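In my numbering, the protein residues as written are 3 to 297.
Note that the Cβ used here is the ideal one computed from N, Cα and C, for glycine as well.
As the structure is a prediction and not an experimental result, all values here were calculated from the model.
Contents: one structure, followed by commentary.
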């Protein structure tokens, strides 16, 4: 690693670091070289804090996928929209501003075609930020249209689909010959289908290949349920508004039937903060008997 040469040239005799770089091209190599050169090396200082600060990078290096953070806004009775689909706005203006901060911290913001067709969101960052996250849409059946707000600037958009476009007339000859597919300025990549959905493992592996460390997922209950069922939620940001929407309103998460309480998804509460009139919970999934049995 280049930093080793700089430290040795500067005559540094003691180096203290929190955690080793898990990148397989580096992993432990720098510390080994320093020790061989006679430098006193100590590791583990504030290791847990360093792991939390770099959770996305650590996840990508160790597991080959980004750190996945799910964001949901809901009422006190666990509903995300009225029966007719109306959901603007369940949460407060302050909560929505807080979401902007989480978007700005993410390498990508991901949603489903269902959410785009229902809400037509932009999912961009509208606060002062050095860059826009990559916006990602899972559109297995190619239902998006060029007029969708999420496809508009600023920032890049990547669409994952399972089929070729039926009409490639909008693509230039050069792009077709190169095997590239576009919808407006958005790039389209094909992913295999697993059962009835796009292969989520492959989707997130591809984002890791693009060096995306953190993904913020903003979607409806069906896709949220698919993520939980696949064990692909590392943290859940749940904004709870002091409202009741009633039994006919749309649910928080669509999960398959659970017949044993031991199999019910459980969570560790990491943080509870009041944001405007709402409460934001930061939750981390705990292992259940079913998930433990998969390991």
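query: Are residue 246 and residue 48 close, meaning C-beta to C-beta below 9 Å?
result: Along the chain shown, one-based indexing puts residue 246 at 244. Along the chain shown, one-based indexing puts residue 48 at 46. No, Cβ-Cβ distance for residue 246 and residue 48 is not below 9 Å.
Cα-Cα separation between residue 280 and residue 75, rounded to whole angstroms: Position 278 of the chain shown holds residue 280. Position 73 of the chain shown holds residue 75. If you draw a straight line from the Cα of residue 280 to the Cα of residue 75, it comes to about 10 Å.
query: Since residue 318 is in the alpha helix (DSSP H), which residue starts that stretch and which ends it?
result: It is not possible to answer for residue 318, since the shown part of the chain is limited to 3 through 297.
- request: Assign residue 120 to one of two classes, buried (16 or more other C-beta atoms within 10 Å of its C-beta) or exposed (fewer than that).
  value: Taking the first residue of the chain shown as 1, we reach residue 120 at position 118. Classification for residue 120: exposed.
task: Check each candidate in 249, 46, 63 and 187 and name the one with the smallest Cα separation from residue 84.
output: Start at 1 with the first residue of the chain shown, and residue 84 comes out as number 82. Measuring from the Cα of residue 84, the nearest candidate turns out to be 249.
task: Check whether the Cβ atoms of residue 195 and residue 161 sit closer than 9 Å, and answer yes or no.
output: In the chain shown, counting from the first residue as 1, residue 195 sits at position 193. In the chain shown, counting from the first residue as 1, residue 161 sits at position 159. In this structure, residue 161 does not lie closer than 9 Å to residue 195 by Cβ.
- prompt: What does residue 238 pair with, by DSSP beta-bridge criteria?
  reply: For this step, residue 238 is matched to residue 236 along the chain shown. Its beta-bridge partners are 72 and 285.
message: Quick check on residue 55: buried or exposed, where buried means 16 or more other Cβ atoms within 10 Å of its Cβ?
response: Numbered from 1 along the chain shown, position 53 holds the residue referred to as residue 55. By the 10 Å Cβ count, residue 55 comes out exposed.
- prompt: Do you know how far the Cα of residue 123 is from the Cα of residue 287?
  reply: Position 285 of the chain shown, counting from 1, holds the residue named residue 287. Position 121 of the chain shown, counting from 1, holds the residue named residue 123. Per the coordinates, the alpha-carbon of residue 287 lies some 27 Å from the alpha-carbon of residue 123.
query: Nearest to residue 282 by alpha carbon, out of 243, 257, 50 and 34?
result: Walking along the chain shown from the start, residue 282 turns up at place 280. Distances from the alpha-carbon of residue 282 to those of 243, 257, 50 and 34 put 243 closest.
message: I need the straight-line Cα distance from residue 188 to residue 159, nearest angstrom please.
response: As a working mapping, residue 188 is identified with position 186 in the chain shown. As a working mapping, residue 159 is identified with position 157 in the chain shown. One C-alpha to the other measures close to 5 Å.
task: Evaluate residue 156 with the Cβ neighbour count: other Cβ atoms within 10 Å of its Cβ, from every protein chain shown; 16 or more gives buried, anything less gives exposed.
output: If you number the chain shown from 1, residue 156 lands on position 154. Exposed, because fewer than 16 other Cβ atoms sit within 10 Å of the Cβ of residue 156.
field: beta strand (DSSP E) runs contained entirely in the stretch 105–129, provided each spans 3 or more residues
entry: Taking only runs of at least 3 residues, the beta strand (DSSP E) segments lying wholly in the stretch 105–129 are 110–114.
query: For residue 231, which option in 218, 203, 240 and 251 has the closest C-alpha, if you only look at C-alpha atoms?
result: As a first step, residue 231 is located in the chain shown; it is residue number 229 there, counting from the start. Among 218, 203, 240 and 251, the Cα nearest to that of residue 231 is on 203.
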